[in-house]
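First comes the structure, then the notes that go with it.
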Amino acid sequence: MTTVNRCLDAAKACNVDETCQKLRTEYVSACITPGGKAAAATATCNRARCSKALRKFFDRVPPDFTHELLFCPCTAAACAERRRQTIVPGCSYEDRDKPSCLAQLRVCKADYVCSTASLIPLNRSESQTMLL
Numbered sequence: 001m002t003t004v005n006r007c008l009d010a011a012k013a014c015n016v017d018e019t020c021q022k023l024r025t026e027y028v029s030a031c032i033t034p035g036g037k038a039a040a041a042t043a044t045c046n047r048a049r050c051s052k053a054l055r056k057f058f059d060r061v062p063p064d065f066t067h068e069l070l071f072c073p074c075t076a077a078a079c080a081e082r083r084r085q086t087i088v089p090g091c092s093y094e095d096r097d098k099p100s101c102l103a104q105l106r107v108c109k110a111d112y113v114c115s116t117a118s119l120i121p122l123n124r125s126e127s128q129t130m131l132l
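Per UniProt numbering, the very first residue in the sequence shown carries number 1; after that it's consecutive.
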């Protein structure tokens with residue numbers, strides 16, 4: 001009994017089509033490192049570049065190819081991870097470094113709307129903060 005891997009078949013079909021192959025290679029090189037890890041974990045991640053390459057791929061490649069890549073069924077963990085990286089590579093949404101709470105507080109203090117509407121006690125007594 002031969003098992004059919006529709007995800008592999010979809011990838012092969014994309015590689016045969018010149019436009020699909022070119023644009024897929026573009027977003028893979030922008031979003032995923034050679035080791036297969038999301039580029040967000042390394043210094044090579046450029047989120048804007050990755051997102052632009054993904055948009056270009058999904059805008060310009062016919063749905064026959066993109067839908068097969070996005071919705072192919074797979075049960076193996078490696079297959080599922082490859083499919084997830086096709087849909088949402090980590091670089092497209094993750095920051096390399098997560099901001100600390102203090103960094104977020106500084107950003108909020110610098111933003112008028114955030115600093116005036118927040119419950120963060122910024123030079124207020126505890127009783128005044130409770131009234132907000």
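By construction, the Cβ of each residue, glycine as well, lies at the ideal position given by its N, Cα and C atoms.
Counting along the chain, Val16 sits inside the alpha helix (DSSP H) bounded by residues 6-16. Annotated three-state conformation of Val107 is helix, per DSSP.
If the five residues before and after Cys79 are omitted, its C-beta is found closer than 6 Å to the C-beta atoms of Cys7, all from its own chain and listed in chain order.
Put simply, of Lys109, Val88, Lys12, Asp64 the residue whose alpha carbon is nearest the alpha carbon of Arg55 is Val88. Residue state for Cys74 is assigned as coil, using DSSP reduced to three classes. Membership of Cys50 in the alpha helix (DSSP H) is indicated by the continuous run 47-60. A check of alpha carbon separations from Cys14 across Thr3, His67, Ile32 identifies His67 as the nearest. In the three-state DSSP reduction, Ser115 falls in the helix class (H, G or I). In the displayed model, Ser100 falls within coil according to three-state DSSP, outside both helix and strand.
For Tyr27, the three-state secondary structure derived from DSSP is helix. The C-beta distance from Ala10 to Tyr27 rounds to 15 Å, too long to meet the 8 Å contact threshold. A residue is called buried when at least 16 other Cβ atoms come within 10 angstroms of its Cβ; Val113 does not meet this threshold and is exposed.
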